[in-house]
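Going by the working numbering, the letters in the sequence shown line up with residues 403 to 632, in that order. Glycine residues also receive a C-beta, built at the ideal position from the N, C-alpha and C atoms. For clarity, every value in this text was computed on a predicted model and none was experimentally measured.
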Amino acid sequence: MYILLIIILYLISGPVDCTDVIGFSGGSVIMISDIQWKSSHNKYICKMEQSVCNDIIRFHSPSIQVQYKRFILYGNTRGAFLVLIRKLKPQDAGTYRFGVEDQRNYTVNLKVRNDASYGVSKIINAYLGQNITMTCKYPGEYEKNIKYVDTLDDETNIKNIIKTQTTTENSRFSISDDRSAKVLSFNISDVKEADEVFYLFGVWNKVDAVGYYSYFTEIHLHVTGETFYF
Numbered sequence: 403m404y405i406l407l408i409i410i411l412y413l414i415s416g417p418v419d420c421t422d423v424i425g426f427s428g429g430s431v432i433m434i435s436d437i438q439w440k441s442s443h444n445k446y447i448c449k450m451e452q453s454v455c456n457d458i459i460r461f462h463s464p465s466i467q468v469q470y471k472r473f474i475l476y477g478n479t480r481g482a483f484l485v486l487i488r489k490l491k492p493q494d495a496g497t498y499r500f501g502v503e504d505q506r507n508y509t510v511n512l513k514v515r516n517d518a519s520y521g522v523s524k525i526i527n528a529y530l531g532q533n534i535t536m537t538c539k540y541p542g543e544y545e546k547n548i549k550y551v552d553t554l555d556d557e558t559n560i561k562n563i564i565k566t567q568t569t570t571e572n573s574r575f576s577i578s579d580d581r582s583a584k585v586l587s588f589n590i591s592d593v594k595e596a597d598e599v600f601y602l603f604g605v606w607n608k609v610d611a612v613g614y615y616s617y618f619t620e621i622h623l624h625v626t627g628e629t630f631y632f
């Protein structure tokens, strides 16, 4: 009887420790947990449909990364379990569970906002040696948040480049935040071939044991081999 009561209370209250994650249609999210990436265990992510969690990815491999369409699971250099969902769609909204089988897992409620002002992918062309500026608008609710610019290459490797309210060791990069206009500007001087990657603009949120980057703009920089002359 006691066990039955617990089950009933669980069904009424819904999943415990469910963290809200906010993303933007066309944008991306990276969820970072304190679960340790274990090569000897099955890793998975599934989406709840009524009372069933349908697998999106479930694998057992020493690999530190696995991808299925727009979903990627991987372990970072610190051994933490990360989930990347790219080019979000409204239908991606819902409840997800991810973790290491027979170990720990987390449940998140992904909310996808559909706003034409955000989540827009852009392509910018630049010449070698040129100085360029990338700009994007951000939601007013993020006015006081620290903004991040990260890069994503063709191998889905993500790297933090710069953030507001700080300096960077790379003097070619700079960032500015016009809070009155809600516009973020990212500058690259002396463009190089290695700069040809995807640039993700977003904010960091931390709720309980799950933190996440919510990217509201993605810009692909295309660098031509011709040298830019003044």
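Checklist entry - Whose C-alpha, out of 489, 454 and 455, is nearest the C-alpha of residue 471? => result Selected option, being the one with the closest Cα: 489.
Checklist entry - In whole angstroms, what separates the C-alpha of residue 474 from that of residue 600? => result 16 angstroms
Checklist entry - Within the chosen definition, does the segment 512-528 reach the segment 425-436 through at least 3 CB pairs nearer than 8 angstroms? => result yes
Next on the checklist: Considering only DSSP beta bridges, list what residue 537 is partnered with.
Outcome noted: 587
Checklist entry - Measuring CB to CB, does residue 479 end up less than 9 angstroms from residue 497? => result no
Next on the checklist: Excluding the 5 residues flanking residue 627 on each side, which residues of the same chain have their C-beta closer than 7 angstroms to its C-beta?
Outcome noted: 530
Checklist entry - What's the gap between the Cα of residue 564 and the Cα of residue 464? => result 31 angstroms
Checklist entry - Helix, strand or coil: which one does DSSP assign to residue 429? => result coil
Next on the checklist: Which residues does DSSP list as the beta-bridge partners of residue 579?
Outcome noted: 586
Checklist entry - What's the call for residue 447, buried or exposed, on a 16-neighbour Cβ count within 10 Å? => result buried
Checklist entry - Just the Cα atoms here: how many angstroms apart are residue 456 and residue 501? => result Each residue's CA atom was taken as its position, placing residue 456 and residue 501 some 14 angstroms apart.
Checklist entry - Would residue 481 be called buried (16 or more neighbouring beta carbons within 10 Å of its own) or exposed? => result exposed
Checklist entry - When you compare each of 604, 506, 462 and 554 to residue 444 by their alpha carbons, which one comes out closest? => result 462
Checklist entry - Taking just the CA atoms, how far does residue 492 sit from residue 619? => result 16 angstroms
Checklist entry - In terms of residue numbering, what span does the beta strand (DSSP E) encompassing residue 501 cover? => result 496-502
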